[in-house]
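Quick note on this note's numbering: the sequence shown kicks off at 413 and runs consecutively. Note that beta-carbon positions come from the ideal geometry of N, C-alpha and C, so glycine has one too. Here's the structure, in structure tokens; my notes come after.
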Amino acid sequence: METSAVLLEKPERLSLEMVGLKDPCQDEVVVRVLHSGISTGTEKLLWSGAMPPFPGLGYPLVPGYEAVGEILEVPKGASLKVGDLVFVPGSNGFIDAKGLFGGSARHLITPVKRVTKINNEIGEKGVLYALAATARHALTGPDAKFPDLIIGHGALGRLLARITIIAGGKPPTVWEIDEKRTEGASGYEVLHPNEDAKNNYTCVFDASGRSDLLDDWIGRCAVGAEIVLAGFYADRINFAFPQAFMKEIKIRISAEWKQADMRAVNSMVEEGHLSLDGLITNRAPAEDAAWAYRTAFEDESCSKMVLDWGNLQ
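Below, the structure written as structure tokens:
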């Protein structure tokens, strides 16, 4: 069995190719992907070659961990059925290609326990489930506090703000330096950092991936404040110690989401509490994957690019 897939042969060399698929095991589903998202954080590091070493990481690889599709085959006794719409966080079921992520393909084979059934009406917005689960995980970590400042108004920053308000937190301030990304706020304020005179924030969440600005954020914090790194950072985290020392700053790193986060997000969406509207900014057919990936990484106005796999076999 073969499938069309986005293939990163090496850094900055990406194309749509036919890739072999392993035979499904008795506990695995086969999913026909309808839409997949492009991550401007993790996948950009894979594309540029800046991703730090991970077990199983190598080229050629199939990127992506934000796929939505319909089930074609399901194990006997599973609660899912053929035709169900599911979110798939990737696959390693490829032959001759690494699948550390592996979600950007027309067909995926993955353990049934890894997929999440979602409402058919969600459609392409289901690719946002991974980001929403990432935001929820950051907000519910050990001794977690609600943010009063969020750095970045991309898709992750917006989801952090939305879930904060849903969970009963006060509307946070969001910093954004790109004027094109300042729109779309609902119930909270988006400011350029230069427009904000406040310097006593108690809980700052970074959704920008810009760890080089850590000193600036510390300067805006109150004594004893916490800074949560909710993105993924390829470079070493550095900051000036004296200022952080005087303010007794705490820094927390939020790791990847867990199944409990995914279940919580699914419930919030299905019950109408969490809206995924207005987060997808760009779309492209999967045949134009090379252009779509480059646009997602180089166009600052692109907050979330989605590939449509509907025309491929």
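- Excluding sequence positions up to five before and after A708, its CB lies within less than 6 Å of the CB of I450, T452, C714, M717, all in the same chain and listed in chain order.
- In this structure, the alpha-carbon of G481 lies about 34 Å from that of G581.
- G538 counts as buried, since at least 16 other C-beta atoms from the protein chains shown sit within 10 angstroms of its C-beta.
- According to the DSSP assignment, F657 belongs to the alpha helix (DSSP H) that extends over 653 to 659.
- Sequence-distant Cβ neighbours of I589 in its own chain, meaning closer than 8 Å and more than five residues away, are H604, P605.
- The continuous stretches of alpha helix (DSSP H) do not include I692, and DSSP gives it neither H nor E.
- Nearest to R425 by alpha-carbon distance, out of K456, K434, V442, is K456.
- The C-alpha of L428 is placed about 8 Å away from the C-alpha of A698.
- For V441, the beta-bridge partners assigned by DSSP are T522.
- In the three-state reduction of the DSSP assignment, V677 falls in the helix class, which pools H, G and I.
- Taking all protein chains in view, the Cβ of P554 is surrounded by fewer than 16 other Cβ atoms within 10 Å, so the residue is classified as exposed.
- Taking E414 as the centre and dropping the five residues before and after it, the same chain places the C-beta of M430, V431, G432, L433 closer than 8 Å to its C-beta, in chain order.
- Looking at the DSSP output, P697 sits in a beta bridge with D720.
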